[in-house]
Structure formats: C-alpha cells, structure tokens
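Okay, structure first, notes after.
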Amino acid sequence: MRLFLPLVITFICGIVMILHFFIPHRPISTIGDGLTDWYMIVASAAIFLGAANLVQVHVHRINTKARNWKYSPVVLIGFIAMMATGLLWGVEETLPFDYMFQTMIVPMGATMFSLLAFFVASAAFRAFRASNWRATLLLASAFIVMLGRVPIGGMIWKQIPIISEWMMQVPNMAGQRAVMIGAALGVVATSLRMIFGIERSYLGGAD
Amino acid sequence: MNWEIIGIWLGAVLTLMLYSFLYRDNPFYKFAEHLFVGMSAGYWVIYNIFNVLKPNFWDELTGAGDGSPDYFMIIPGIFGMFMLARLVPKIAGLSRMALAMIVGTGAGLSLVSTLQTNCLSQIEGTIMPLSGVGTMGFIDNLIVVVGVVCGLVYFFFSKPHEGLTGKAAGVGITILMVAFGASFGYTVMARISLLIGQAQFLLFDWLPTMGIHL
Amino acid sequence: MKAFLPALLLVLMAATASGGGFVLTTEASDVPDDDGGRIGLVWTVSPDLPVPDSIVVERMAPGGEWEHVGSVAPIDGRYTDSELENGTVYSYRLVPWLQGVPGEPGPVVSASPAVKWLHSGRIGMLVITVVLCTIILLYIEAGKRGKDLFVRRIAGLNAVEDAVGRATEMGRPVMYIPGIMDMDDIQTIASMVILGRVARKAAEYGSSLLVPTCRSVVMSVSQEVVKEAYLQTGRPDAFRREDITYLTDDQFGYAAGVDGMMVRQRPAAIFLLGTFYAESLILAETGKSVGAIQIAGTAMVSQIPFFIAACDYTLIGEELYAASAYLSREPRLLGSLKGQDAAKLVIMILIVLGVLGATAGHWWEPAGRVAEFLRFLTHVE
Amino acid sequence: MRKLLEMLDRVDRRVIYLLMALSVFIPLALRLSYPIPVGQGPSQDLFKAIDSLPSGSVVLVSYDYDPSTMPELQPMAVALTQHMFTRGHRIIAMALWPQGASLSQEAMSAVGDSLGKAQYDDWVNLGYTVGAGVSIVRMGSSIRAVFPQDRDGFPYDSIPLLTRVQSLRDIDLVISLSAGDPGIHAWVMMAGDRFGLPVGGGCTAVSAPEFYTYLGTGQLLGLLGGLKGAADYETMVREGRGNTPAGLATPGMAAQSISHLVIMAFIVIGNISYLAVHKRRKGAPK
Numbered sequence: 034m035r036l037f038l039p040l041v042i043t044f045i046c047g048i049v050m051i052l053h054f055f056i057p058h059r060p061i062s063t064i065g066d067g068l069t070d071w072y073m074i075v076a077s078a079a080i081f082l083g084a085a086n087l088v089q090v091h092v093h094r095i096n097t098k099a100r101n102w103k104y105s106p107v108v109l110i111g112f113i114a115m116m117a118t119g120l121l122w123g124v125e126e127t128l129p130f131d132y133m134f135q136t137m138i139v140p141m142g143a144t145m146f147s148l149l150a151f152f153v154a155s156a157a158f159r160a161f162r163a164s165n166w167r168a169t170l171l172l173a174s175a176f177i178v179m180l181g182r183v184p185i186g187g188m189i190w191k192q193i194p195i196i197s198e199w200m201m202q203v204p205n206m207a208g209q210r211a212v213m214i215g216a217a218l219g220v221v222a223t224s225l226r227m228i229f230g231i232e233r234s235y236l237g238g239a240d
Numbered sequence: 002m003n004w005e006i007i008g009i010w011l012g013a014v015l016t017l018m019l020y021s022f023l024y025r026d027n028p029f030y031k032f033a034e035h036l037f038v039g040m041s042a043g044y045w046v047i048y049n050i051f052n053v054l055k056p057n058f059w060d061e062l063t064g065a066g067d068g069s070p071d072y073f074m075i076i077p078g079i080f081g082m083f084m085l086a087r088l089v090p091k092i093a094g095l096s097r098m099a100l101a102m103i104v105g106t107g108a109g110l111s112l113v114s115t116l117q118t119n120c121l122s123q124i125e126g127t128i129m130p131l132s133g134v135g136t137m138g139f140i141d142n143l144i145v146v147v148g149v150v151c152g153l154v155y156f157f158f159s160k161p162h163e164g165l166t167g168k169a170a171g172v173g174i175t176i177l178m179v180a181f182g183a184s185f186g187y188t189v190m191a192r193i194s195l196l197i198g199q200a201q202f203l204l205f206d207w208l209p210t211m212g213i214h215l
Numbered sequence: 000m001k002a003f004l005p006a007l008l009l010v011l012m013a014a015t016a017s018g019g020g021f022v023l024t025t026e027a028s029d030v031p032d033d034d035g036g037r038i039g040l041v042w043t044v045s046p047d048l049p050v051p052d053s054i055v056v057e058r059m060a061p062g063g064e065w066e067h068v069g070s071v072a073p074i075d076g077r078y079t080d081s082e083l084e085n086g087t088v089y090s091y092r093l094v095p096w097l098q099g100v101p102g103e104p105g106p107v108v109s110a111s112p113a114v115k116w117l118h119s120g121r122i123g124m125l126v127i128t129v130v131l132c133t134i135i136l137l138y139i140e141a142g143k144r145g146k147d148l149f150v151r152r153i154a155g156l157n158a159v160e161d162a163v164g165r166a167t168e169m170g171r172p173v174m175y176i177p178g179i180m181d182m183d184d185i186q187t188i189a190s191m192v193i194l195g196r197v198a199r200k201a202a203e204y205g206s207s208l209l210v211p212t213c214r215s216v217v218m219s220v221s222q223e224v225v226k227e228a229y230l231q232t233g234r235p236d237a238f239r240r241e242d243i244t245y246l247t248d249d250q251f252g253y254a255a256g257v258d259g260m261m262v263r264q265r266p267a268a269i270f271l272l273g274t275f276y277a278e279s280l281i282l283a284e285t286g287k288s289v290g291a292i293q294i295a296g297t298a299m300v301s302q303i304p305f306f307i308a309a310c311d312y313t314l315i316g317e318e319l320y321a322a323s324a325y326l327s328r329e330p331r332l333l334g335s336l337k338g339q340d341a342a343k344l345v346i347m348i349l350i351v352l353g354v355l356g357a358t359a360g361h362w363w364e365p366a367g368r369v370a371e372f373l374r375f376l377t378h379v380e
Numbered sequence: 005m006r007k008l009l010e011m012l013d014r015v016d017r018r019v020i021y022l023l024m025a026l027s028v029f030i031p032l033a034l035r036l037s038y039p040i041p042v043g044q045g046p047s048q049d050l051f052k053a054i055d056s057l058p059s060g061s062v063v064l065v066s067y068d069y070d071p072s073t074m075p076e077l078q079p080m081a082v083a084l085t086q087h088m089f090t091r092g093h094r095i096i097a098m099a100l101w102p103q104g105a106s107l108s109q110e111a112m113s114a115v116g117d118s119l120g121k122a123q124y125d126d127w128v129n130l131g132y133t134v135g136a137g138v139s140i141v142r143m144g145s146s147i148r149a150v151f152p153q154d155r156d157g158f159p160y161d162s163i164p165l166l167t168r169v170q171s172l173r174d175i176d177l178v179i180s181l182s183a184g185d186p187g188i189h190a191w192v193m194m195a196g197d198r199f200g201l202p203v204g205g206g207c208t209a210v211s212a213p214e215f216y217t218y219l220g221t222g223q224l225l226g227l228l229g230g231l232k233g234a235a236d237y238e239t240m241v242r243e244g245r246g247n248t249p250a251g252l253a254t255p256g257m258a259a260q261s262i263s264h265l266v267i268m269a270f271i272v273i274g275n276i277s278y279l280a281v282h283k284r285r286k287g288a289p290k
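From first to last, the protein sequence lines stand for chains U, S, G and F.
The opening position of the first sequence corresponds to residue 34 in the numbering used here, with each subsequent residue numbered one higher.
The opening position of the second sequence corresponds to residue 2 in the numbering used here, with each subsequent residue numbered one higher.
The opening position of the third sequence corresponds to residue 0 in the numbering used here, with each subsequent residue numbered one higher.
The opening position of the fourth sequence corresponds to residue 5 in the numbering used here, with each subsequent residue numbered one higher.
Dropping the structure here:
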C-alpha cells in the first residue's frame, strides 16, 4: 500500500510523456509541457538533497572522529566558501565566485581527469594483453586508430589516417550500432516495467 | 596584489597536490581531493539556485518574472519538498512520491526517444543495398549489415551459443572487439589530451610567473 | 533631413524592383503536427535591394486594419505566429522598415491554423512501439505465470559468489559501485537489482559491503535495497547504513573519493555495474592495484574496452540488463528479457528483409518496394 | 634477456608514470610541431555545415562539459565561436552541465570582444538548466519556459537576439559540445529526431566512436572528435585567414604523437614480457 501512490504517479507521468510524443493535441500537449516544467524543479531539489547529505555526512564524521575526519572540515570550508561568495556577490565574471571557480575548481577538475593519462599508460603496460586472437584483434584495431589520429601516423604511411577513418566508419559503426540497438531494447523493456509498476526497485525494496 | 598571479599559483599548487597521488596516497592529495569535493558541491548548489530554482520556480510562483503568479508551481514545490524529506528519517517515505515523478517522466520520455533514435533510425540506416554500390561500397555495406545482425545475435539470451547461433555470435563478438579496439585507440588520445592541457598550464602559465620562459 | 534619405531609398527600392518591394514572395501555412494555434510564414527577399533594418509582420485584425504582431531580422526568412484560433483564416503581410520608415508591404497571404490528433510522421513508429511493447509485456505475463524460461549462461555472473566468498575469507570488504548516474538511469536500476543479490550474498557470508554513490537518490535507494536484502537473509542487525554513502555529484570528485576509499579500505571484491564514463579507468585501475577481484558491467560502449582490460569479468552492453534477470531468477525479469529477445528477432528480420529487398531491387523493382516500405515504417519525423 | 623481461614485468608503476609525463612535457617544452593534414571526415562536415548557413543564422551551442575535459573541448568552443562570428552567425549558449555555464561565458566573451560582437545582440549566455533531455523537449515548445532569464538574470523577453526565438524550431543549427551525458545523445534524440533540427557536435575522443552511428545515419551532421577534431577545426578556420591567432589545440598534437608512440611501446613491451614470464611459469614444475 505504501507503494500504491508512487506507482500511480510513475504510471501517469510515464504514459503522459509517451502520449506527448505521438499526440500533439491539447490537453496532452499542455500536460506534457507542464510536467517537463515540474520535472526541472523536482530534479533540482535532488541537488539540494545531495548537498545536504554531503554536509550531514561530514559533520557526522567530525562528531564521531571517524577515520580521516580531519579532512572533513576541508570539504565543509570549500562548500561554504563557494556558497557564501555566490550568495553574497553573484556568479558574474571577475567576481570572487567566478575567480574561485577559474583558479581552483578548473585546475583541480582538469588535473583529476588528466590523471587518466597515467592510468592509461599503466593499463597499457599491464592489462592490455594479446591473450587470444580476439584480444589481439582489439589491440590491432586500437593501434591503427591511435596512429591514424596523430600527425605522425600520416608521416609513417599516408594511408594510415584513411584506413583509421574507414575503421571508424565501417567496422566500428557496425559494432557500435549492434550494441546500441540491443541496449535500446533494454531501455524500452525497463521503462515499460517501471511504467507498469513491474519494476519497483527504484522505490527501494522489491515488494 | 596581483590576483592573476595568485590565481595561477593557487591552480598550480592544487594541481601538484593532486598529482602527488601518482607517487602514493598522501595528506596533500587528500586535502585537495576533499577541497575539490566541497567546492564543486558548492558550485552546483549556487548555480542551481540562480539558474534553475529562482527563475523557473520562485519567479514563476510569485509572478516576479512576467507579473502573473503561477500557483500551479506549488505542486512541483511540494514534490521538491518531498524529495528533501529523505533528510528526515520519519517522513523519508514521502520522497518516493518525488522519485516516482522523476522516474516516471524519465522512463516515458526515454522509452520513445531511445526507440526512435537508437533503434528505429539505426534499422533504417542499416537497410541498404548490397548491389549497385561498387566493390568498396559492397564490402562496406556487407560488413555493416553482417556486423549489426551478428552483433544482435551475440546479445540473444534465449539460446545457447551453439551451432549456427554460436557461429553468428562468434562473428558478432569479433566485430564488437574491432569496435572496442577502435574505441580504445580513440580514448587513449582523449586521456593524453587532458594531460597535455594541464602540462601546458604548468609550463606556459605557471613557470613564467617564476621567470622561467620555455 | 535625417529621415529623408531612407525614405528616398525605400521609394527607390519600390520603384526599381521588378517584382515590387523588398519582400518578393510570402507563403503562409499551418505549422504541421502541432497542438494548433500556429501559422508559419516564410518569405524570399529581393537580392538587388539594400537590406532594411527589420521586417515587421502584420496581421489583419477582424476590423480589417493591419496590426503589428512581430518584427524580425530580414535575413531570418521565417516567422511563426502563435496563440491563434484554430480554423480561423488569418491574413498576413510583411513590411520592411529602414531607419524608422516603412517600405512597400509584401504580398498578402492567408492560412488557418489546424490541430492534429496524431503526429502524421510518427504513425509507423506508433505501430512498431505498440507491437514491441505488446511482445515484451506478453512475455513478462508469461514469466509471471511461471512458464519456464531459459537464459544462456553469462560468463562473469557465476563469479559473483566466489568474489564475495573470497572477500570474506580475506576479512576485507566488498565494494559495490553503481555507476555515476541518477536513479532515473536504466543501467542504475539494473544495477540496483544486482546490488540486492550481492548484498544478500554479503549478508550470508557476513562480509561488510561498501556502497559509495555519486547521487543522493541512489544512496537512499541503495540503503533500502541492501537493508531489504539483510532482512531477507535474517541478519538485519548486520546492516550498517553508514557503509552506504553519498560522496558528491561531481564525477571526478566522486572518482577521487572512491579511489581514496579503495586505497584505504582495500576491498577484496569490487563490482562496477551501471553507467560509467571516464572515471571507469581510474576506478578499475585502482581496484586492480589493490588486488581486488573485479566484476564490471556497463552499456557505455566507450568504457567497455577499459573494463575488459582491467577487470576480471566484464558484462558487455545488454548483458548487464540480462544479468539482473539471470541473477534474481525473478520470473518477470526473465520474461522481460525473453521479450527483448523476441523484439530483437523482429528487428533482425526487418533488417535482413530490408537489405535483401534493397539488393534485389536493383534487378527486380517490387523487391525494392519492400525495402522502401520498411524504411518508411522505421522512419520517424 | 629473460631477467630483463622479468624485471620489466615487475616494474614499478611510478616508472611508467614518469615516462608518460616525460613524453608529454618534453615535446611541449621543445615546442615540437607537425603539420596537421585535414582530410575528409566528420570535422570537415561540421565546418562545411556552419560555413554554408546564411549569415545571421541563429546557432544554439550547448556547453555540456566541465573543466575536467576543457583541454579537448574548450579549443573547439573557441574555434567554433570564431568561425561562427566571422560568418556573421548569432550564438545562443546554454549548458546542460552546471560548470559549462561559466566555461561558455569565458569562451564567448573573449572571442566576442576581439571580433567586436556584442552580448545580447550577437550572442547570449542562457546558463545552466537541470533536467537534460526533459528540458530539451520543453525547449521544443518554449525556450523561455526553460530559461526565463539568462545567466546573469536578464529577463528573456528583454534580450534583442531572442525576440524572434521562441522555440527550438526557430534555431538553425544546434551544436553540443559534449563530455558525456547529458550531451550529444540527448540533443540528437530530442532536438534532432524529435523536432527535426540539424545537430552537430564536438565531443571528447572517448565518446566519439559511438557517435559514428549517428554520423552514418545522418542524425549528426558533423563531429569534432577530441583534440584532433579541435586541431582540424582550428586549421580549417585559419586557412586563408593568416591573421587568426594560433589555436589552443594544434600545439598539443606533437606531444600527442609522441605519447601515442610511447603507449604503443608500453603495450608491446608489456605483452612481450608477459608472454616470456608467463611461458616460463607454465613450464616450471609446481
């Protein structure tokens, strides 16, 4: 019973969005538009939930002196600093909020991501093994594409960039498309199950 | 005080702190990691308030935008509150309502859109002739058609991979491996590009502040 | 004097252009396949005359006088008038303006807005949607009624139990990472189903289960799912809510956080099931470096090569969805999987028929028409 | 020899990290450069599509990325903005990722200032919206409903550039600069297939391979893939315009070349040492 109302809401919202695609007529069109307006607001509440959770978690860590709790104030300070500068002065260019974004978040975000280059190198050395003919095939096609994407590839042999582009446009596309169609059916089936209340795990607990 | 140079130093020091993880996990990395988590959460909240909640909800509700209050906005407001109810264990169950709305809308939308874009359009694109397209066209089209069909056979779960099904699935997984290889080759480039970006920052923005020009 | 020049220019414009003024032709028509109330205007402009500042769209009011409804840059070439009465005929003309002076209006055109009950470009898709959805729902129904449904073995899934068991033996935790997308993502949902099974195993073996999440909603759902699993295995006391945490919505903040957890807590088994982006490699590589058995699965094609490289088992694409059915053995999920297979069969037949038709159409025209029809059926506007 | 291979098999990962770093830093510091040949391909398709739009067209550029992928996508944003402004197009920027809202401002105001383009007349930054695909569907009937004001709080109706732009139907081209989801997928699905808009894109090299399916069907009219795509575009924008400043992506391509070779060497050496050690272990008595 505690799930009845949520399931009804899911069903109505799902059906409206499907009909919205096929039926341009009122009232479906207006209800569909309204629903999308509401969606944005409810979805943005989720961000607050996330932030509130973050604060909760770290305050709890400090209170209980959990492992590595000494870093929790750093999280809170970073969070409060962004919040305060944003609320006090706004987000326009050259203001403190934007300054902190450009000078701290941007380089940190970029660095976090660039660590990947090192992990890729390490994976190349340790993990990418030509252990069977299929893995060998994977590596061979990776080699061609890697060479084709940089100027040096064309300098080695003029045809490499052309072959590399062909690999992307023919075998790669065929493989990607097969995965895509299969996955699309997975999405359709799961969406159906959710709309018809067969899939309830997202509401927490099966039955 | 030169804010620009301070900014470059801030960025460079934080960058080096994060790179220190490559040596091993250490307090500098942890400090920067936690700072990053906190600051990005703060950024998200601020943008959410200024770019979404204020204009799309508050201004609409109070009529600050175009002068006519839209009282229907109370409904998503209530659902939004439901979402936040998770924070209070006693009424946490209410958040199911909000979740139901998000999931229902998302499911309905993705059902039709995914079917159209990732399924029907792809079928349409695969229905192509093997004749009258020249030798190269014949080979290309044949690879695409066979690849797609055999790839689908690989993802067929109702039959064991034996006999003809097994052979087709074998062809399918082969094409998939070539695709994954291409994908991998392409990806390596992405990863290195990001390192290049940070290296450029350190070499051409940060070093000059110490008088080192490369 | 200031107004004189542009006025003169406009007079000249009108006089020199053979087809009249600046606006040569105008067409008005109902905007198709909408909820009505809209008329679209398109026009062509004279290439020989100087470009005016703007074009004012005028509509004839019931009284017969022209009223201003909008102004647009001359180059735009189209305008949509909205909030009109369906079925009423509206007349429009376009007036070019140069420095505050109107020029010669373009021709008068009329149209009436109409409303459609069904989008005409989407009928083929409607048919296919209904067919595919019916197939899937029928199979789910068959599954519910207890029809025995076979699913082929999926490599990697049998390893779930071993992985959890190994973690218990080593006295190290199990880590489950449900991807970085929110609860409305289908892969996350599939992942939640698998999480339930993994949690049950962890509860049975008595090993601790860490679930760091990237979305707060996913965190709450994970808590519910894991709690339920512990309840069902009769060990509600062993459930630790604080092991299922929310880190941050930020992708790399999350990756860094999970990385830290991996290095510090050294899980012996790591599950990476759900939607992953660039963080996949960081997570998988760090997981490998702490010596964990890793079972990964995602439908994100770009990340699959990395999982294949760094993990012990990888569920490719749809296998992730199949896994949730296979593991839970839940009849409805199995039925749904069967339904998907049937849908796949339909698609394969469509493609093969289409390709054969298109190929044979080169010599025998009726076959070509089959391909045409199939293309029409799958074409959506 | 075998000893060496065994040593290689156990080599500390930090050595690998160091080699990787050197292969990037050294070519950059030495300012190595190779010419970038631009062949036929998705980059050129996008360039041609933008080039062939009539001057004054309205292009919607969605910044669906954040600082972490800036090195790949920001050069594209800059080069695209330069190209569109010099062709006289007007740009509406928005973001499906929160941090994209700040990145777009940076790119547009810098390029706009240098080319004498005015905010609100030639370009506008609508900012961030939550909801991704759902928001795009809403924009199909009303952009104002999603963005009642721009990033800095100016009401939608008071912005001159937007007076005739009511819904997606009034947009001539959509370009999504995408680092993942939401991004090109959402735009192709919602704006492209649902509302029939031409969609082009730029993406990280990671996601490029899967978008080739959309290129094959024409659902995507062109694509810039990663740093190479950005460098291609910079080269095309510069062609015939000698005074355009050097791009951001092109200088990185030499470092990219060297490090690709290093990675390939890693794969080869890794495999040789693995095979050698593995074979020996297999043969050894238990």
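Using N, Cα and C, we set each Cβ at its ideal position, and we do this for glycine too.
All of these numbers come straight from a predicted model, not from anything done at the bench.
G/I315: member of the beta strand (DSSP E) spanning 312 to 315, first to last residue. For G/Y229, no beta strand (DSSP E) encloses it; the enclosing alpha helix (DSSP H) starts and ends at 215 to 231. Remark: fewer than three beta-carbon pairs, one from each stretch, lie closer than 8 Å, so the region 99 to 118 of chain G and the region 183 to 197 of chain U are not flagged as touching. The contact set of G/L352 on chain U, defined by CB atoms closer than 9 Å, is empty, because the minimum CB distance reaches about 16 Å. Boundaries for G/M182: no alpha helix (DSSP H) harbours it, and the DSSP string shows neither H nor E there. Per the Cβ contact rule, the region 143 to 161 of chain G is not in contact with the region 284 to 291 of chain G (fewer than 3 Cβ pairs under 8 Å).
Non-local C-beta neighbours of F/P152 in its own chain, meaning closer than 8 Å and more than five positions away in sequence, comprise P159, Y160, ordered along the chain. When Cβ-Cβ separations below 8 Å define contact, U/V153 makes contact with chain G. Annotation for S/T115: the continuous alpha helix (DSSP H) segment containing it runs 96 to 115. Counting along the chain, S/T188 sits inside the alpha helix (DSSP H) bounded by residues 164 to 201. Here DSSP, grouped into helix, strand and coil, assigns F/L228 to strand. At least one CB of chain S lies nearer than 8 Å to the CB of U/Q135. At a cut-off of 8 Å between C-beta atoms, G/H67 does not count as an interface residue with respect to chain U.
Listed along chain G is no residue with a C-beta nearer than 9 Å to that of S/T63; the closest approach is about 24 Å. Contact note: U/R210 reaches chain S through Q123, G126, T127, V145, G148, V149, G152, using a C-beta cutoff of 8 Å and chain order. The secondary-structure analysis by DSSP pairs G/A268 across a beta bridge with G/V173, G/I292. Within chain F, G137, M193, M194, D197, R198 have C-beta atoms less than 8 Å from the C-beta of S/S114, given in sequence order.
Under the Cβ distance rule, U/L128 does not count among the residues neighbouring chain S, no pair being separated by less than 8 Å.
For U/G187, a Cβ of chain F is located within less than 8 Å of the residue's own Cβ. Shown here, G/Q339 sits in a helix according to DSSP, grouped into three states.
Inter-residue distance for G/E318 and G/T187 is about 14 Å (C-alpha atoms, whole angstroms).
Within the region 67 to 105 of chain F, the complete beta strand (DSSP E) runs of at least 3 residues fall at 94 to 99. Contact annotation: in the region 173 to 188 of chain S, residues whose CB is within less than 9 Å of a CB in chain U are G173, I174, T175, I176, L177, M178, V179, A180, F181, G182, A183, S184, F185, G186, Y187, T188. Its chain contains A13, T16 as the residues whose beta carbon lies nearer than 7 Å to that of S/L203, once the 5 sequence neighbours on both sides are disregarded; these appear in chain order. In the structure shown, the three-state DSSP call for G/N157 is coil.
No residue range can be given for G/V300, since it is assigned to no alpha helix (DSSP H) and is classified by DSSP as neither H nor E. A straight-line Cα-Cα distance of about 11 Å links G/G356 and S/S132. Cα atoms of S/L95 and G/D33: separation of roughly 37 Å, rounded to the nearest angstrom. At a Cβ-Cβ threshold of 8 Å, F/P41 and U/G187 count as neighbours.
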